[in-house]
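Here the structure comes first, spelled out in structure tokens, and everything after it is commentary.
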Amino acid sequence: MTKGSGPIEALLSKWSWAWSNRDPQAILSLWDNSDVEATYLPAERHDPLIGLTAVSDYVNSMCAVHDQVQHRIKSPICRLLSNKTGLAFYSLDWMVRDKRGPIGGTYRVTAVWHKSNGRWRLFHYAEAPLAPLLELQSFYESVAAEGLKAIPARTQPL
Amino acid sequence: MNALTEDITALIQQYVSYSEGMNFTGKKAMWDADDPAPLLMPEEAHSPLVGWDAINTYWSKSRVIMESLKSQTANHHAREIESGIAIATYDMRWIATMTGPKDTPKKPLSADVRVTALLRKKPEGWRIFHLMEGPLDLMSMARKAYSQKARNLFPEHTP
Chain V
249 MTKGSGPIEA LLSKWSWAWS NRDPQAILSL WDNSDVEATY LPAERHDPLI GLTAVSDYVN
309 SMCAVHDQVQ HRIKSPICRL LSNKTGLAFY SLDWMVRDKR GPIGGTYRVT AVWHKSNGRW
369 RLFHYAEAPL APLLELQSFY ESVAAEGLKA IPARTQPL
Chain X
52 MNALTEDITA LIQQYVSYSE GMNFTGKKAM WDADDPAPLL MPEEAHSPLV GWDAINTYWS
112 KSRVIMESLK SQTANHHARE IESGIAIATY DMRWIATMTG PKDTPKKPLS ADVRVTALLR
172 KKPEGWRIFH LMEGPLDLMS MARKAYSQKA RNLFPEHTP
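Read top to bottom, the protein sequences are chains V and X.
Following the working numbering, the numbering of the first sequence begins with 249 at its first residue and continues without gaps.
Following the working numbering, the numbering of the second sequence begins with 52 at its first residue and continues without gaps.
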């Protein structure tokens, strides 16, 4: 964290809290609504979401379709690039739950903020998962660590 | 394409051209040498590489792990977010062969990543100080793999 970047770190906490509470209004209150080029790149999309309508639709949908969302920010690196631009990089542990159960993972995030009229707003957000090949390798290793006897029980008796 | 995107696209294309031959000295010259804490987040690294020592070590190891590497970029977009600072996004496909035992056939591996880069205007031109590679997540990539399989197996039903 560089000198003076405390406000950026505080905003990350608000961002994470808003997601963990599935609160679209709180999430979008941190987004720069006035920037028509503001860009959000989720891990599952090839094309970024650009502009308030696209981002708002995505945020509302993510909050509505899941019964639970948890975001945890780890190892943030915050820098002030100037007195009106802030850069944050961090690891994001996430979990969402729907009727099929929970899924989760860890992404790396670049988030760029700018200050306008005395308020910091997020205008560029990009999620970067670990290479899927390594995610799969890690899963195979975790199964190996369970041992040969840990074959899952059938949900229906034979 | 606006002038800024043209300038930064030319820089990025030069940057990735150095992948062939693994010319990491050439790559380093595209970074802002004056930045005390540059950050590189390769897709295969578990933690970000922060600072020149970490980035130099990563590039040195890459020469040992990979036998060959080529990259190509597309869909560039750049935006000056304030005077002298720009953010660029683009897609990159890399193709690599890993080192291994001699006389063992090695098939190349390849993937696409979505890249986010921040650059600073220097007297010598735009220079990178933050670069993050982001592949699609595992679930989306698995769907893409199965979609490709479906098209291969049933081309007449998957126009």
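Think of the CB as a built atom: it goes at the ideal place given N, C-alpha and C, for glycine as much as any other residue.
Source: prediction; values computed, not measured.
{"Asked": "Where V:Pro324 falls: helix, strand or coil (DSSP)", "Found": "strand"}
{"Asked": "For V:Ala376 and X:Gly185, believed in contact at Cβ under 8 Å, the rounded distance", "Found": "3 Å"}
{"Asked": "Cα-Cα separation between V:Asp346 and X:Ile136, rounded to whole angstroms", "Found": "41 Å"}
{"Asked": "Endpoints, alpha helix (DSSP H) assigned at X:Met190", "Found": "Leu189 to Leu204"}
{"Asked": "Span of the beta strand (DSSP E) around V:Thr287", "Found": "Thr287 to Leu289"}
{"Asked": "Residues of its chain near X:Trp167, where Cβ-Cβ distance is below 6 Å and the 5 sequence neighbours each way are ignored", "Found": "Rather than Trp, the amino acid found at residue 167 of chain X in this sequence is Thr. So the list reads Thr140 and Met183, once near-sequence residues are dropped."}
{"Asked": "Boundaries (first-last residue) of the alpha helix (DSSP H) holding X:Leu55", "Found": "Ala54 to Ser68"}
{"Asked": "Cβ-Cβ distance between V:Pro324 and V:Tyr306 below 7 Å", "Found": "no"}
{"Asked": "Beta-bridge pairing of V:Asp341 - partner residues as DSSP gives them", "Found": "V:Arg320 and V:Thr354"}
{"Asked": "N- and C-terminal bounds of the beta strand (DSSP E) containing X:Lys173", "Found": "Leu160 to Lys173"}
{"Asked": "Per DSSP, cross-strand counterpart(s) of V:Ala312", "Found": "The partner list for V:Ala312 (beta bridge, DSSP) is empty, contrary to what the question assumes."}
{"Asked": "Residues, ordered as in the chain, of the segment 164-177 of chain X that lie near chain V by beta-carbon distance below 7 Å", "Found": "Arg165, Thr167 and Leu169"}
{"Asked": "Cβ-based contacts, 9 Å cut-off: residues of the segment 320-332 of chain V near chain X", "Found": "Ser323, Ile325, Arg327, Leu329, Ser330 and Lys332"}
{"Asked": "Residue burial classification, V:Ser364 (beta-carbon count within 10 angstroms, cutoff 16)", "Found": "exposed"}
{"Asked": "Secondary structure of V:Ala359, DSSP reduced to three states", "Found": "strand"}
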